[in-house]
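**Student:**
Encoded structure:
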């Protein structure tokens, strides 16, 4: 198959390098990735502006754009002279579970793919212990998770819900979100729901320097919880978590006791 690979950690990151190396064993791999870290960009699209593209090597391109930009340009332009069968985004350095999905550029690229009518798979990995050094490459077993994706790609694609008409579809589109700890061997695979994440966000006081003002938002001690068996629990137990996540907004029912005629116009 023709697979478009992107990420939000940036081209050359350990995770995307392992993913490309593994997928190339069985598929035609096309790469369009950010030229540096774009974490937290969600589905940010660079509307109405030039998106610079730089060729790195054969079928490998980088851009200062966002992960979602990479999906759209890779799928909708003539950059690659072929039909892309799926977008695989990752492997992210750090988990993207539960509420993380809202903010994640890794998931944003996969979400943009399914909205454009192509299966989208997001892949993320977390260190198994807080005592491990994030900046030491030997602590990250990206190749193990990359090979899992490669060996099961057809099954993972079959889980996605997409439409040939993309945004105009009446069907609800869904991406596949994969998470695991950095382990040499996994216990197995679990289908999971998404957990709830409380980041304990804090905002520093406004600081004035000369005529400029600034604020910094910091993350507190994050906590995860869930109603049912979640992506967080599966990873904690040594499994690979696979969640099917809606890409489109899903409305919640409004209290039937509230009458529309009660609103003031």
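Numbering (my numbering), first residue to last: 1 to 265. Don't be surprised by glycine CBs; every beta carbon is placed ideally from N, CA and C.
1. Suppose contacts are defined by Cβ-Cβ distances below 8 Å. Is residue 43 in contact with residue 68 by that definition?
2. Cutting at 6 Å between CB atoms, please list the residues of its own chain near residue 120, excluding the five before and the five after it.
3. Under 8 Å, do residue 34 and residue 63 count as touching if we go by C-beta distance?
4. Per DSSP, what kind of secondary structure is residue 166 in: helix, strand or coil?
5. In this structure, how does DSSP classify residue 252 when only helix, strand and coil are distinguished?
6. DSSP three-state call for residue 63: helix, strand or coil?
7. How would you call residue 93, buried or exposed, if buried means at least 16 neighbouring beta carbons within 10 angstroms?
8. When you compare the CB positions of residue 223 and residue 205, do they come within less than 8 Å of one another, or not?
9. Give me the Cα-Cα distance between residue 122 and residue 150, rounded to the nearest whole angstrom.
10. Using the C-alpha atoms, what's the distance from residue 182 back to residue 126?
11. Tell me where the alpha helix (DSSP H) around residue 144 begins and ends.
12. What are the partner residues of residue 33, as DSSP defines its beta bridges?
13. My output table needs one value for residue 261: the three-state DSSP class, helix, strand or coil.
14. Three-state secondary structure (DSSP) at residue 15?
15. Under 7 Å Cβ to Cβ from residue 184, same chain only, skipping five residues before and after it: list those, please.
16. Span of the alpha helix (DSSP H) holding residue 115?
17. If we count Cβ pairs, one from each stretch, closer than 8 Å, do we get three or more for the stretch 248-259 versus the stretch 99-110?
18. Do you know how far the Cα of residue 124 is from the Cα of residue 226?
19. Taking 8 Å as the cut-off, decide whether the C-beta atoms of residue 51 and residue 28 are in contact.
20. Tell me whether residue 101 sits in a helix, a strand or coil according to DSSP, three-state version.
**Tutor:** Taking the definition as stated:
1. What you label residue 43 is simply residue 43 of the chain shown in a count that begins at 1. What you label residue 68 is simply residue 68 of the chain shown in a count that begins at 1. Judged by their CB atoms, residue 43 and residue 68 are nearer to each other than the 8 Å cut-off.
2. Numbered from 1 along the chain shown, position 120 holds the residue referred to as residue 120. Excluding residues within five positions, the ones whose Cβ falls inside 6 Å are 87, 110, 113, 114 and 175.
3. Mapped onto the chain shown, residue 34 falls at position 34. Mapped onto the chain shown, residue 63 falls at position 63. Remark: C-beta atoms of residue 34 and residue 63 approach each other more closely than 8 Å.
4. Along the chain shown, read from residue 1 onward, the residue named residue 166 stands at position 166. With a pLDDT of 49 at residue 166, under the threshold of 50, the modelled position of this residue cannot be trusted, and the question is left open.
5. Translated into the one-based positions of the chain shown, residue 252 becomes position 252. Coil at residue 252, not helix or strand.
6. The residue given as residue 63 occupies position 63 in the chain shown. Residue 63: strand per DSSP, three-state reduction.
7. The count along the chain shown starts at 1 and reaches residue 93 at position 93. Residue 93 should be labelled buried.
8. On the chain shown, position 223 is the one that residue 223 refers to. On the chain shown, position 205 is the one that residue 205 refers to. Result no, Cβ atoms of residue 223 and residue 205 do not sit closer than 8 Å.
9. Stepping through the chain shown from its first residue, residue 122 is reached at position 122. Stepping through the chain shown from its first residue, residue 150 is reached at position 150. Cα to Cα, residue 122 sits roughly 13 Å from residue 150.
10. As a working mapping, residue 126 is identified with position 126 in the chain shown. As a working mapping, residue 182 is identified with position 182 in the chain shown. Distance from the CA atom of residue 126 to the CA atom of residue 182, rounded to whole angstroms, is 6 Å.
11. Position 144 of the chain shown, counted from the first residue, corresponds to residue 144. In this chain, the alpha helix (DSSP H) harbouring residue 144 covers 142-151.
12. To locate residue 33, count along the chain shown from 1; it is residue 33. In the DSSP output, where bridge partners are listed per residue, residue 33 has 62.
13. Locating residue 261 in the chain shown gives position 261, counting from the first residue. In the three-state reduction of the DSSP assignment, residue 261 falls in the helix class.
14. Counting from one through the chain shown, the residue named residue 15 turns up at place 15. Taken through DSSP and simplified to helix, strand or coil, residue 15 comes out as helix.
15. The count along the chain shown starts at 1 and reaches residue 184 at position 184. Once the five neighbours on either side are set aside, the close Cβ partners of residue 184 are 141 and 144.
16. The sequence position of residue 115 within the chain shown is 115, counting from 1. Bounds of the alpha helix (DSSP H) holding residue 115 are 105-115.
17. Put simply, the stretch 248-259 does not touch the stretch 99-110. Fewer than three CB pairs are less than 8 Å apart.
18. Numbered from its first residue, the chain shown carries residue 226 at position 226. Numbered from its first residue, the chain shown carries residue 124 at position 124. Spanning the two alpha carbons is a distance of roughly 19 Å.
19. Position 51 of the chain shown, counted from the start, is the residue given in the question as residue 51. Position 28 of the chain shown, counted from the start, is the residue given in the question as residue 28. The beta carbons of residue 51 and residue 28 sit no closer together than 8 Å.
20. Here residue 101 refers to the residue found at position 101 when the chain shown is read from its first residue. Residue state, collapsed to three classes: helix.
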